[in-house]
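The numbering used here applies: residue 1073 is where the sequence shown begins, and numbers increase by one. Beneath this line is the structure, given in structure tokens, with notes to follow.
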Amino acid sequence: MIQLGLTFSDENGNFPTCDSDKYCIWQFNFREFDLSSDNFAHDSIELLRQSGIDFAKNNQDGVDSRRFANLLMSSGVVLNESVHWVMFHGVYDFGYLLKLLSFHDLPETQNGFFEMISVYFPRFYDIKHLMKFCNGLRGGLNMLAELLEVERVGIRHQAGSDSLLTSRTFLKLHQDFFNGSTEKYSGVFFGFGVENGQ
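Spelled out as structure tokens, the structure:
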């Protein structure tokens, strides 16, 4: 894992401000990703470099992923049904996060993967899945945010900025398109699992 962005809010969309006039968003740059030995897509790495990610600095000063995993596991936000996780087309992101938190390889079967996800992240929403139930919405996160008039704060492809945009977009989508609870749409990754009837 290269980066992780976390944005917290209550059910009304209020973000923590950490005694300032700005939102507190967390971005963690991990030290373990190694360009000389890890597999990667060159165009993806170049995109991240253009967005300001300094891989050499991350290797030297980045967060130790095992320590981070231990702290996140003990924080109360994982393994907690009252915490709702939000992502955009996030099956791979959550796969990486699951591997990080469990200290194990991912299950070899889709059923095993979903069972493990349901333990670590009992309630999650994939915005890309929710879009199927909203007439006229299409595209990626940035296009959706523009359609919903949600403004980005920060640099595109930086995990903290992407996290805040994902959270704000989910809140706007919920407000504009869903009357009441979205609970019946939880637990489904776009492209995996139940795709019809939910």
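Here a beta-carbon is modelled for each residue, glycine too, at the ideal position from N, C-alpha and C.
Which one of the options has the shortest CA to CA distance from residue i?
| i | options | result |
| --- | --- | --- |
| Gln1075 | Leu1172, His1201, Leu1216 | Leu1172 |
| Ala1231 | Phe1185, Ser1123, Glu1218, Lys1244 | Ser1123 |
| Asn1084 | Tyr1257, Ser1239, Glu1255 | Ser1239 |
| Asn1142 | Lys1256, Met1215, Leu1170, Asp1093 | Leu1170 |
| Pro1194 | Lys1256, Ile1117, Ile1125 | Lys1256 |
| Lys1129 | Glu1118, Asp1106, Arg1139 | Asp1106 |
Should residue i and residue j be called a contact, given that it needs their Cβ atoms to be closer than 9 Å?
| i | j | result |
| --- | --- | --- |
| Leu1202 | Phe1166 | no |
| Gly1077 | Glu1104 | no |
| Met1145 | Phe1196 | no |
| Phe1262 | Val1163 | yes |
| His1161 | Asp1198 | yes |
| Phe1264 | Gln1132 | no |
My understanding is that residue i touches residue j, with C-beta atoms under 8 Å, so please give their C-beta distance in whole angstroms.
| i | j | result |
| --- | --- | --- |
| Leu1220 | Lys1244 | 5 Å |
| Leu1236 | Tyr1095 | 7 Å |
To the nearest angstrom, how far is the alpha carbon of residue i from that of residue j?
| i | j | result |
| --- | --- | --- |
| Ser1137 | Asn1101 | 9 Å |
| Gly1148 | Tyr1192 | 11 Å |
| Ile1097 | Arg1224 | 13 Å |
| Asn1156 | Ser1258 | It is His, not Asn, that sits at residue 1156 in the sequence shown. Cα to Cα, His1156 sits roughly 9 Å from Ser1258. |
| Arg1121 | Thr1079 | 23 Å |
| Glu1218 | Gly1211 | 10 Å |
| Gln1247 | Ser1081 | 15 Å |
| Asn1152 | Ile1189 | 12 Å |
| Thr1254 | His1114 | 38 Å |
| Leu1178 | Val1222 | 34 Å |
| Ser1108 | Glu1180 | 27 Å |
| Phe1127 | Met1215 | 28 Å |
| Phe1185 | Asn1251 | 31 Å |
| Gly1269 | Ser1116 | Interpretation of Gly1269 is limited by its pLDDT of 40, a score under 50 that renders its predicted location unreliable; no figure is taken from the coordinates. |
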